[in-house]
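What follows is a short report on a single structure.
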Amino acid sequence: AAELEELGPDGAAEVEASHLRQCRALQDVWGNEFWKRNPEISPLRGSLAVWGLTADDIGLASFHGTSTVANDKNESRVLNAQMRQLGRTPGHVLPAVCQKWLTGHSKGAAAGFMLNGVIQSMRTGLIPGNRNADNIGAELKDCDYSVYLSKTIQTPGIKAALLKSFGFGQLGGELLIIHPDYLLATLNEETLGEYNAKLQQRNVNALRYWQDVLVGNHPFVQVKSSPPYTPEQEQGVLLDPTARAHYDLKTGQYRF
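Residue 202 in my numbering sits at position 202 of the sequence shown, and the numbers go up by one each step.
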């Protein structure tokens with residue numbers, strides 16, 4: 001501490017910044033994305049391994065599920081090939097959730113709808129049935145790793161889930177969602193307490209915002225018509241990589 005004082009404010013800040021860079025470099029090598037440097041480790045296998053999980057721990061797959069002949073057949077076969085490659089235990093079937101039977105297919109951000117449903121399943125342990133799945137196509141019988149439920153089931157808990165965005169524009173992507181308890185379990189008591197306090201405050205803020213919407217104080221989506229800086233501030237803000245906006249409680253806007 002005494003040595004830092006001798007360096008002065010600027011010198012102490014540089015030492016702290018150097019220390020932070022070194023910590024981040026170590027985290028980059030040994031952190032939860034360690035597998036990215038090894039092309040022999042698949043992203044799914046590596047992401048699961050970070051939390052001590054395997055393909056057997058994936059509890060549900062939220063399908064793109066457009067209920068078209070090509071999509072349903074190809075998406076199921078791709079999932080089947082993935083689970084086989086990842087070593088999922090044969091006979092340990094993965095429930096396929098096709099939320100579009102209820103939501104329809106939005107013009108955009110469909111995966112956002114699906115993610116909301118996956119999070120609800122993780123919070124409750126419920127895997128929703130596909131209510132209109134009363135006639136599963138015969139071509140899906142060879143997909144040994146997936147099952148298409150028509151009724152909702154209660155599970156002891158869902159550790160991990162796959163969310164698929166399959167075939168949009170001839171492209172595909174997927175998210176692996178891990179139950180938050182795995183992350184929270186890595187925190188010490190003090191850090192967990194700080195997180196819970198912030199979480200509680202965010203919940204209060206969200207509730208207040210929603211109440212303000214209901215009583216007409218402001219719309220749910222507040223569209224901005226101007227940047228958070230004045231014309232005089234623009235150049236300085238854009239040229240300063242350390243510039244940060246602050247929230248003005250009186251105006252409800254961010255300012256520099």
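Cβ atoms here follow ideal geometry from the backbone N, Cα and C, with glycine treated the same way.
Computed from a predicted structure; not experimentally measured.
With fewer than 16 other Cβ atoms from the protein chains shown falling within 10 Å of its own Cβ, Lys36 counts as exposed. Shown here, Tyr247 sits in a strand according to DSSP, grouped into three states.
Partner residues in the beta bridge of Gln253, as assigned by DSSP, are Asp248. In the structure shown, Pro43 adopts helical secondary structure according to DSSP, grouped into three states. Within the same chain, Cβ atoms closer than 7 Å to the Cβ of Ile58 are found at Leu94, Ala160, Ala161, Leu162, the five residues on either side in sequence being excluded. The stretch 72–90 and the stretch 115–127 do not touch, with fewer than 3 CB-CB distances between them shorter than 8 Å. Nearest to Ala109 by C-alpha distance, out of Asp142, Gln233, Thr152, Lys164, is Lys164. In summary, Ile178 is buried, with 16 or more beta-carbon neighbours lying within 10 Å of its beta-carbon over all protein chains present. Lys100 carries a helical assignment under DSSP once its states are collapsed to helix, strand and coil.
According to the DSSP assignment, Ser121 belongs to the alpha helix (DSSP H) that extends over 110–124. For Ala70, the enclosing alpha helix (DSSP H) covers residues 69–86.
By the 16-neighbour rule on beta-carbons within 10 angstroms, Glu234 is exposed. By the neighbour-count criterion, in which a residue is buried when 16 or more other Cβ atoms sit within 10 angstroms of its Cβ, Tyr195 is exposed. When secondary structure is reduced to three states using DSSP, Ser18 falls in the helix class. Closest option to Ser226, judged by alpha-carbon separation, among Arg255, Pro219, Pro156, Val29: Arg255. In this structure, Tyr148 sits away from Ala81, with a CB-CB distance that is not shorter than 8 Å.
The C-beta distance from Thr66 to Lys100 rounds to 6 Å, short enough to fall under 8 Å. Per the coordinates, the alpha-carbon of Leu192 lies some 19 Å from the alpha-carbon of Gly31. Excluding its 5 nearest sequence neighbours in each direction, Asp212 has C-beta neighbours in its own chain below 7 Å: His218, listed in chain order.
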